[in-house]
RNA sequence: GCCGGAGUGGCGGAAUUGGUAGACGCGCCAGACUCAAAAUCUGGUUCAGGCAACUGAGUGUGGGUUCAAGUCCCUCCUCCGGCACCA
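Laid out in structure tokens, this is it:
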């Protein structure tokens, strides 16, 4: 054995062996229980970042754990290869996105390999491969046939200078990122997928996902947003014709309090009214400025204008004026709302602003409408009753809603309805680097689907975008085709699909990536669903919801047997690092990488100053933030691996915090992880002969643990307790405490050298036996986190050929039992002493022991004991007057 | 604005799920080794008081429930993630 721990050498050797023997290749085996462990595939942006390292380490730890539990494990990897950054890089460097993407994939793949992940690389896929995206197109056509996919108009961000559609990300403060021109909303045609058809099932099935974090399920449920209410109409007369203004409300019980109606700027009524009202037309235009981002819309100052159009209240017959308001969203419900300022926050603010009437129609016993905040009234559906509402007076929320819905229905003006917040999924993108939408536009035949036998529609991979729209429009060889129906010249659709389509089913394709005849084959039934999915919390809604939807579509198409793609979900937290900057007066702010900064501390270890290494002058701390290019606070995993090795990187990542929590970067923390692995190596070198001899000569074979000396029993108890805790934590995916359990085990062994070397025990073999067993437990637990060092030591010390084949260690129940336990004694809930009692001591015995404690006596004497609470195996609490 | 989450020593984080707050690690202090430094090892380290035994305070804020609250309930504050064309 090498005297020194040399991660570079041992990691390369171990990785080579794994590769040579193809140990991580997964094969279907119906006789064995499978475990499909999947981490979200990376976007090939150039090189791995710490978030990737964290994500894939978590996945790898779980994979290796399941493998040692005896499961047939699949852990694949691929590339989410289409997307905007490749187009940006193309603009910057003049290189086609395909070239840039392929180069990045090659580099990042080599990085992933150097981290020692137990991946089956034979199943690798990239979403920009025609073999992959062919099936996006194929399933899209199936959806088109079923009417799940359809064409309508969509509202997009439009840059009037570049004459191009902008992604939300490309809109900075309401302006185009390259031109600086104010962004406009524009309506263009596009394809949608009818995810709302599955809304009910997507919501209901959340209850069948106990392996998902509660918060993700809640977020999805809120996103889907099922609400019960009434859809009804205000009749009106427009240009001499009878029309109806439809609205939806969840508070039909307040219908008698309506004092105005509000519609979105895009609503037909608004556009009609704007026709002969220049002022209103200007306002409608103003509303169309800005972005389509909901976060921006929601924080806009509430503005509105009257249309001059009046509608008739369906129940009271009152004339109600219609307003255009910027807070009404065309995309939700009917794009129009009834306004009840007395009982709705936004309506109230708007009415106050515009001087509109506020009419109370709900009363809550014990509350005064004129003084209590309106807010409480709206939130409280339970205790209110109708007032000033004619025949509905005195009815509760439920009674009033039923009565009003019935009356509206009788008039043919409304009915109860379920409303969803979820909108259909717009998948058309006016961008080059994506999967072509398989449609051909023919003057005679209209929009014609590309026939299956012509799939895939291959994306030309040599375009270089220049920022002025989709370069596919200029590719005559791509655009000009014959209509598949009539044979006449036609134009190919140049929009590509949202990249979320690519990532909505890749997990199924991993099961059979080599089959080019079908989307998925029978192997998918063995592996799917994914048993454990791991990825960033930022994907909690969109990606996960789209994947669930796509899975259900595939199921209904007969391609999958399961309706949910991911059994268990782990959402990992972000990787953070401190931000350092200087902001010279009148100058530009500049950020400094933490690696270039030196932190001064005082005698207590508290920070006293932060200096830039280069010039020794102070820099400011901007707090902690996610690692990003813009804040220059990223740490390159590559340098970390080169300096300390993958095992250290992995260990630190797991040790620094719970997978679901944010992880704060720390150079010294990495040093600590490295120190631990070095210590472990040195410890094994030091005891190499004992363990080897033990294995070759079977020295402890005849010894039984039950006859061991007390000292051995005590240490063994400690080791097995730690193992038991590690196992418990493993189930909770709390790998930080698993890592610390490994450290604690080594601490126990290191602090008792006499015992494990057999110096202080007779027979000495008991010490060796304890050492051999403890290390075998430690190495196996550690092998999930830092596999290279564990594997190497396992082999070197003669435990076996391959730690991967070793079973997961379980604690020995007899080692966990103790004869005596220490109990905490409290007086009035405050810790006053400790007593040691037999494990099976009776309550009376424990009480008298506790009272006999000297320090306890000081707090009890002279006072009346009201009661004594004994919590078995924990504590005694003496309550005194 | 809406939805979701998090606040514990100088720092990252533990706390058997209502039962010893601060495990483990980092940093810092002292010591050993060394001509010296690095590395390594040993001891100490929540704050305040005390030579010590020990005592008091303490888990973002303010209140409540309980024999007992970091953990449960209510109020407020701060920070983070998502908001449908970033992935």
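Numbering (the numbering used here), first residue to last: 129 to 1009. All residues carry an ideal CB built from backbone N, CA and C; glycine is no exception.
In this structure, DSSP gives residue 981 a state outside helix and strand, which the three-state scheme calls coil. CA-to-CA, the gap between residue 675 and residue 314 works out to about 29 Å. Sequence-distant partners of residue 184 (beyond 5 residues in either direction) whose C-beta falls short of 6 Å from its own C-beta, in its chain, are 167, 245.
For the pair of segments examined, the region 188-205 was found not to touch the region 801-809: the number of CB pairs separated by less than 8 Å stays below three.
Counting along the chain, the unbroken beta strand (DSSP E) around residue 695 starts and ends at 694-700. Within the same chain, Cβ atoms closer than 7 Å to the Cβ of residue 579 are found at 612, the five residues on either side in sequence being excluded. Secondary-structure assignment with DSSP links residue 448 through a beta bridge to 439.
Look at residue 419 here: in three-state DSSP terms it is coil, with no helix or strand label.
Counting along the chain, residue 603 sits inside no alpha helix (DSSP H), nor does DSSP assign it H or E at all. With a cutoff of 9 Å on beta-carbon distance, residue 884 and residue 787 are scored as not near each other.
In the three-state DSSP reduction, residue 256 falls in the coil class, being neither helix nor strand. In terms of Cα proximity to residue 394, the closest of 412, 759, 871, 174 is 412.
Around the beta carbon of residue 994, fewer than 16 other beta carbons lie within 10 angstroms, which makes this residue exposed. Ranking 908, 942, 397 by CA distance to the CA of residue 930 puts 908 first. With respect to residue 697, residue 337 sits close: the two C-beta atoms are nearer than 9 Å. Under the three-state reduction of DSSP output, residue 749 falls in the strand class.
Less than 9 Å divides the Cβ of residue 256 from the Cβ of residue 207. Here the alpha carbon of residue 618 sits roughly 54 Å from the alpha carbon of residue 159. Restricted to the region 914-995, the alpha helix (DSSP H) segments that are unbroken, complete and at least 4 residues in length are 915-924, 941-944, 971-980, 982-988, listed in chain order.
A check of alpha carbon separations from residue 306 across 409, 947, 322, 216 identifies 216 as the nearest. Taken through DSSP and simplified to helix, strand or coil, residue 625 comes out as strand. DSSP lists 547 as the beta-bridge partner residues of residue 355.
Per DSSP, the beta-bridge partners of residue 286 are 293, 312.
When the Cα atoms are used, residue 522 and residue 515 turn out to be separated by approximately 6 Å.
Among the bridge pairs identified by DSSP, residue 617 is matched with 610. The three-state reading of DSSP puts residue 556 in strand, counting E and B together. A Cβ-Cβ distance of about 5 Å is found for the pair residue 916 and residue 775, placing them in contact under the 8 Å criterion.
Residue 467 is bridged by DSSP to 388. A distance below 9 Å separates the beta carbons of residue 912 and residue 192. The region 650-668 makes no contact with the region 751-769: fewer than 3 CB pairs, one atom from each, lie closer than 8 Å.
The alpha-carbon separation between residue 689 and residue 683 amounts to approximately 6 Å. In this structure, the beta-carbon distance from residue 354 to residue 488 does not fall below 9 Å.
Each residue's CA atom was taken as its position, placing residue 447 and residue 461 some 23 Å apart. For residue 681, there is no enclosing beta strand (DSSP E); the residue is part of the alpha helix (DSSP H) that begins and ends at 670-684.
Here residue 318 has 282, 554, 556 as same chain residues with Cβ atoms under 6 Å from its own Cβ, once five neighbours each way along the sequence are excluded. Cβ-Cβ separation between residue 374 and residue 464: approximately 7 Å, consistent with a contact (criterion under 8 Å).
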